[in-house]
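Counting in our numbering, the sequence shown tops out at residue 1159, every number present. All C-beta atoms, glycine included, are put in the ideal place defined by N, C-alpha and C.
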Amino acid sequence: MGALQNFERRLEQAISGAFAKAFRSAVQPVEIAAALQRECDNNAQILSRNRRMVPNLFHVELSQPDLDRLSAYDSAMATDLKDQLQDHADNQSYVFPGPVRISFEAAEDLTTGRFRIRSQAQAQVQSNASHTQVRRATALVEVHGTQHPLHPGGTVVGRGTEADIRINDPGVSRRHIEFEVAGTGEHLQLRVRDLGSTNGMLVDGHRVATTGLRDGSEVKVGNTTLTVRIVAEPIEGGAGV
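Structure below.
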């Protein structure tokens, strides 16, 4: 019995067959599992001879009737779908840049029995900065909805544990770039320099080794974009990780 058939059997057993009955004339779990695997196959990016990066965030869009049928089982289904994707990734030497997340949403243009999948690769980002440090900072970077302060003396971004801002992106080196802050207030100056990384960096779409930055500058390392924010006064909000 194939992997998808095994997956469907496990799912049906986990919920006593109720899901299969509810979906007899609509979207089948095995169809979603197969589509998620194809989404990985179609979006795999070569990192090295034996490693390819694939998306880790998946949005499954269904018609409202299908979503209503699914609502009672979406937690169990998402768990099994993630397990199935991990098995597929292991077999294909795929690497996820962060935790795998699968969500289910309604789409008005879809009819019963039809669905589509949107995906993206989003690396996990961490730093040791406290909320107070974020609130008091006059220079920050925003990435994936979080803010991280840039400190005078240098802030290293990379995949390694020694980096100040750690990005779990396979395309990012252990010590990839460093942000340098000098001056204060109107005299604040901000630069970024590459630390001899494997893949280099792009600043506002241009490949450079070092350059000055302004508010709104976008620095791309691997598949992750960091947006620079320079504020005249320390902000009171923010969500450092």
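Inside the stretch 945–979, DSSP marks whole beta strand (DSSP E) runs of 3 or more residues at positions 963–966, 969–971, from first to last along the chain. Using a Cβ distance threshold of 8 Å, Val1059 and His1066 count as a contacting pair. Inclusion of Gln1042 and Asn1009 in the CB contact set at 8 Å is not warranted, their separation being larger than that value. Around the Cβ of Ile964, a 10 Å sphere holds fewer than 16 other Cβ atoms; the residue is exposed. For Gln1051, same chain residues with a beta-carbon under 6 Å away, outside a window of 5 residues either side, are Pro1067 in chain order.
Between Thr1029 and Ser989, the C-beta gap is not smaller than 8 Å, which leaves the two residues out of contact. The beta carbons of Ser1037 and Glu957 sit closer together than 8 Å.
Nearest to Arg1092 by alpha-carbon distance, out of Gly1130, Arg967, Val1099, Leu1113, is Leu1113. Under the three-state reduction of DSSP, Gln1040 is assigned to coil, being neither helix nor strand. Of the candidates Arg1034, Gln1040, Val1018, the residue whose Cα lies closest to the Cα of Leu999 is Val1018. Taking the CA atoms as reference points, Ala951 sits about 40 Å from Arg1147.
The alpha-carbon separation between Phe1014 and Phe1097 amounts to approximately 26 Å.
In the three-state scheme derived from DSSP, where H, G and I count as helix and E and B as strand, Gly1103 is classed as helix. DSSP places Asp1087 in the coil class of the three-state scheme, outside both helix and strand. In the DSSP annotation of this structure, the continuous segment of the beta strand (DSSP E) that includes Pro1067 starts and ends at 1064–1067.
Leaving aside the five residues that flank Gly1089 on each side, the residues in its chain whose CB is nearer than 6 Å to its CB run, in chain order, Asn1117, Gly1140, Asn1141. Short of 6 Å from the beta carbon of Arg1034, and not among the five residues preceding or following it, lie these beta carbons of its own chain, in chain order: Glu979.
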